[in-house]
Amino acid sequence: MCVNNCFEKTLNYCSPGHGGWGLIRIASIIPESHLLFICPSACFRHGALGAVQHGYKNRTSYLCITPADVVIGYDDLILEGAQELLDRDKSIKVLFLFVPCMDDFIGTDIESIAKEVEMKYPNVVVRACHMNPIAVETNKPHLVTTMEAMYSTINTENKATEDAVNLCGSFAKIEEECDLFDFLGDFGISVRQLADYEEYEKFCEMGRSKYNLILRPEGRSAAGYMDKHYGTSSVQYMITYDIEEIRKNYEEWKRVLSESHSIIDNQKFDIDAQENETKIAIDRAVNKLKNIPISISNTAVLRPFTLAKALISYGFNVTEVISQRVLTIDEEAYEYICKNHPEIKVIQPQHHKNAVRDNEDTNIVAIGFEGAYLRQSDYVVDLSGDEGMYGYYGVRKLMGMLEKSIEEKADLKKMIDEYGAVV
Numbered sequence: 001m002c003v004n005n006c007f008e009k010t011l012n013y014c015s016p017g018h019g020g021w022g023l024i025r026i027a028s029i030i031p032e033s034h035l036l037f038i039c040p041s042a043c044f045r046h047g048a049l050g051a052v053q054h055g056y057k058n059r060t061s062y063l064c065i066t067p068a069d070v071v072i073g074y075d076d077l078i079l080e081g082a083q084e085l086l087d088r089d090k091s092i093k094v095l096f097l098f099v100p101c102m103d104d105f106i107g108t109d110i111e112s113i114a115k116e117v118e119m120k121y122p123n124v125v126v127r128a129c130h131m132n133p134i135a136v137e138t139n140k141p142h143l144v145t146t147m148e149a150m151y152s153t154i155n156t157e158n159k160a161t162e163d164a165v166n167l168c169g170s171f172a173k174i175e176e177e178c179d180l181f182d183f184l185g186d187f188g189i190s191v192r193q194l195a196d197y198e199e200y201e202k203f204c205e206m207g208r209s210k211y212n213l214i215l216r217p218e219g220r221s222a223a224g225y226m227d228k229h230y231g232t233s234s235v236q237y238m239i240t241y242d243i244e245e246i247r248k249n250y251e252e253w254k255r256v257l258s259e260s261h262s263i264i265d266n267q268k269f270d271i272d273a274q275e276n277e278t279k280i281a282i283d284r285a286v287n288k289l290k291n292i293p294i295s296i297s298n299t300a301v302l303r304p305f306t307l308a309k310a311l312i313s314y315g316f317n318v319t320e321v322i323s324q325r326v327l328t329i330d331e332e333a334y335e336y337i338c339k340n341h342p343e344i345k346v347i348q349p350q351h352h353k354n355a356v357r358d359n360e361d362t363n364i365v366a367i368g369f370e371g372a373y374l375r376q377s378d379y380v381v382d383l384s385g386d387e388g389m390y391g392y393y394g395v396r397k398l399m400g401m402l403e404k405s406i407e408e409k410a411d412l413k414k415m416i417d418e419y420g421a422v423v
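Residue 1 is where the sequence shown starts when you use full-length UniProt numbering, and the numbers rise one by one after that.
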């Protein structure tokens with residue numbers, strides 16, 4: 001059941017619960033990097049405040065431009081600003097130059113400016129980036145192009161010669177207790193992820209990995225860049241909480257890897273044992289939550305409809321899916337929900353009518369902050385952007401979070417304040 005003509009293009013409402021990973025947090029993962037935003041003073045006020053809130057104050061700078069600069073051009077201002085910044089801070093190894101969406105119409109040759117700065121400072125890698133929300137529904141939204149720019153900072157002398165897998169599209173660290181590590185370890189393959197690195201030079205070893213694992217769509221373009229320039233080989237087995245899909249992914253990937261790798265002795269990965277352990281965790285969570293309604297937000301997981309379908313099959317009482325739109329990789333599950341569970345509400349969180357809420361029952365478990373805020377939920381699962389999730393480990397972790405969420409009523413304001421705004 002759609003609420004407010006779901007997926008209608010309207011004036012957007014942005015709730016305080018709309019947090020998560022934005023350009024600053026993502027680009028700042030590159031160690032020893034700095035971000036210079038070139039924009040009008042009001043354009044990135046939200047981002048500047050969020051950067052302070054998240055602890056990125058010393059990793060970001062702002063070059064404010066005026067209407068007059070827009071008219072006459074501001075190429076020289078960017079060069080001067082970048083030079084001033086790099087002269088002040090000799091520790092910067094990577095500099096990202098971000099221009100705003102209006103620059104898509106002005107046409108500043110930011111790539112040439114980046115090359116000019118790089119020539120003047122040969123020990124600094126400089127990349128041009130676009131902060132253009134107007135491209136969010138295109139094939140090249142700004143998060144995708146930013147991730148490609150991030151991986152392009154790897155020195156091209158690195159080539160794919162080492163038995164390692166880069167995790168593409170994941171920002172938060174996936175812990176080594178995840179079954180993915182045992183699965184790859186049985187083939188003698190190690191795992192590399194952005195969150196592992198604190199030094200730029202060490203980060204560049206990702207260019208020597210033979211493989212990329214695409215976990216989310218945002219990582220496709222970056223993985224494609226690495227395939228072309230470093231010789232990596234990419235596969236796509238995205239984050240999912242459906243144990244049948246997890247088994248299928250592992251079995252398919254095992255067949256692919258077996259063509260070039262032998263499985264070592266003393267294998268650690270036992271797919272049947274992993275699945276059985278996960279089923280026990282699922283049953284325990286279902287019994288603990290009983291029939292408490294569950295709301296799923298697309299700020300918590302990439303594929304909210306796929307998660308809803310999986311949770312329903314496990315025996316949970318999913319009553320709402322809160323999603324601004326349906327991604328292509330989530331369409332099949334969306335159609336399944338609409339056909340087989342029309343009683344489930346589908347709510348567009350940024351619809352302007354959500355600024356005024358009815359006095360609905362708050363006895364609901366909200367997976368994700370945005371849904372929690374819209375419903376003022378008593379119980380909240382503290383998850384954003386599938387952080388740290390993968391495989392059977394991710395399902396078990398989610399089950400534990402669901403169980404923990406109902407132990408006491410959430411202090412929603414405190415949780416949102418601690419998580420912070422999108423930056």
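Think of the CB as a built atom: it goes at the ideal place given N, C-alpha and C, for glycine as much as any other residue.
Cβ atoms of Ser41 and Tyr56: under 9 Å apart, would you say?
No, Cβ-Cβ distance for Tyr56 and Ser41 is not below 9 Å.
List in chain order: all unbroken alpha helix (DSSP H) runs of 4+ residues lying wholly within the region 319-353.
Complete alpha helix (DSSP H) runs here, min 4: 331-340.
So, helix, strand or coil for Glu137, using DSSP?
Glu137 falls in the coil class under three-state DSSP.
Taking the C-alpha atoms as reference points, what is the distance between Leu35 and Arg59?
Rounded to the nearest angstrom, the two C-alpha atoms are 6 Å apart.
For Cys338 and chain C, any beta-carbon pair shorter than 9 Å?
Absent here is chain C; the protein component of the structure consists of one chain.
Can you tell which of Phe181, Thr153, Ala128 has its C-alpha closest to the C-alpha of His142?
That would be Ala128, whose Cα lies nearest to the Cα of His142.
On the DSSP letters alone, give me the boundaries of the beta strand (DSSP E) that Ser209 sits inside.
That run of the beta strand (DSSP E) goes 209-214.
On the DSSP letters alone, give me the boundaries of the beta strand (DSSP E) that Asn249 sits inside.
Asn249 -> not in any beta strand (DSSP E); alpha helix (DSSP H) instead, spanning 243-258.
Check whether the Cβ atoms of Ala223 and Val191 sit closer than 9 Å, and answer yes or no.
Contact: no.
Okay, do the region 147-167 and the region 361-375 touch, 3+ Cβ pairs below 8 Å being the bar?
These segments do not touch.
Per DSSP, what kind of secondary structure is His34 in: helix, strand or coil?
His34 falls in the strand class under three-state DSSP.
Just to check my reading of the structure: Asp330 and Thr362 have Cβ atoms closer than 8 Å, yes? What is that Cβ distance to the nearest angstrom?
Between Thr362 and Asp330 the Cβ distance is about 27 Å, and since that is not below 8 Å, they are no contact.
When you compare only the Cα positions, how much space is there between Lys414 and Asp382?
Near 12 Å, if we compare the C-alpha coordinates of Asp382 and Lys414.
His130 lies in the beta strand (DSSP E); which residues open and close that run?
Unbroken beta strand (DSSP E) run through His130: 125-131.
For Gly207, count the other beta carbons within 10 Å of its own beta carbon; 16 or more makes it buried, fewer makes it exposed. Which is it?
So Gly207 counts as buried.
Taking 8 Å as the threshold, find out whether the region 401-415 comes into contact with the region 246-260 through three or more Cβ pairs.
No, they do not touch.
Should Ile110 and Val99 be called a contact, given that it needs their Cβ atoms to be closer than 9 Å?
Contact flag set, yes.
Using only CA atoms, which one of Ala82, Ile239, Asp386, Lys290 lies nearest to Phe316?
With distances taken between Cα atoms, Phe316 lies closest to Lys290.
Opposite Val235 in the DSSP bridges: which residues?
DSSP lists Leu213 as partners of Val235.
What does the Cβ neighbour count give for Asp89, buried or exposed, with the cut at 16 atoms within 10 Å?
When all chains shown are included, Asp89 counts as exposed.
Identify every residue that forms a DSSP beta bridge with Leu63.
BP columns for Leu63 point to Ile38.
I need the boundaries of the alpha helix (DSSP H) containing Asn58, first residue and last residue.
No alpha helix (DSSP H) contains Asn58, which DSSP labels as neither H nor E.
Starting from Ala82, trace the alpha helix (DSSP H) in both directions and tell me its first and last residue.
75-88 is the span of the alpha helix (DSSP H), which, as asked, contains Ala82.
What is the DSSP secondary structure of Tyr379, counted as helix, strand or coil?
Strand, per DSSP.
What are the boundary residues of the alpha helix (DSSP H) that includes Asn287?
From DSSP, the alpha helix (DSSP H) with Asn287 extends over 271-289.
If you draw a straight line from the C-alpha of Glu198 to the C-alpha of Leu215, how long is it?
One C-alpha to the other measures close to 22 Å.
Are three or more beta carbon pairs between the region 262-277 and the region 296-304 nearer than 8 Å?
With a cut-off of 8 Å, the region 296-304 and the region 262-277 do not count as touching, because too few Cβ pairs lie within range.
Between the beta-carbon of Ile322 and the beta-carbon of Pro349, is there less than 9 Å?
Against a cut-off of 9 Å, the Cβ pair of Pro349 and Ile322 comes out as a contact.
Would DSSP call Arg396 helix, strand or coil?
DSSP places Arg396 in helix when its eight states are reduced to three.
Once the 5 residues before and after Gln376 are set aside, which same chain residues still bring their CB inside 6 Å of it?
For Gln376, where only same-chain residues beyond five positions count, the Cβ hits under 6 Å are Thr362.
Got a sec? Which residues, its chain only, sit under 8 Å from Gln193 by beta carbon, not counting five neighbours each side?
Cβ within range, chain order: Asn166, Leu167, Ser170, Lys173, Ile174.
Spatial neighbours of Tyr241 within its chain, please: C-beta separation below 7 Å, excluding the five flanking residues on both sides.
Leu307, Ala310, Gly394, Val395, Leu398, listed in sequence order.
Which runs of the beta strand (DSSP E) fall wholly inside the region 163-212 and span at least 3 residues, in chain order?
For the region 163-212, whole beta strand (DSSP E) runs of length 3 or above, ordered along the chain, are 190-192.
With DSSP run on the structure shown, which of helix, strand or coil describes Ser112?
Of the three classes helix, strand and coil, the one that applies to Ser112 here is helix, per DSSP.
With DSSP as the reference, label Val365 as helix, strand or coil.
Correct three-state label for Val365: strand.
Suppose you measure from the CA of Lys202 to the CA of Ser209; what does that come to, to the nearest Å?
Between Lys202 and Ser209, the C-alpha separation is close to 13 Å.
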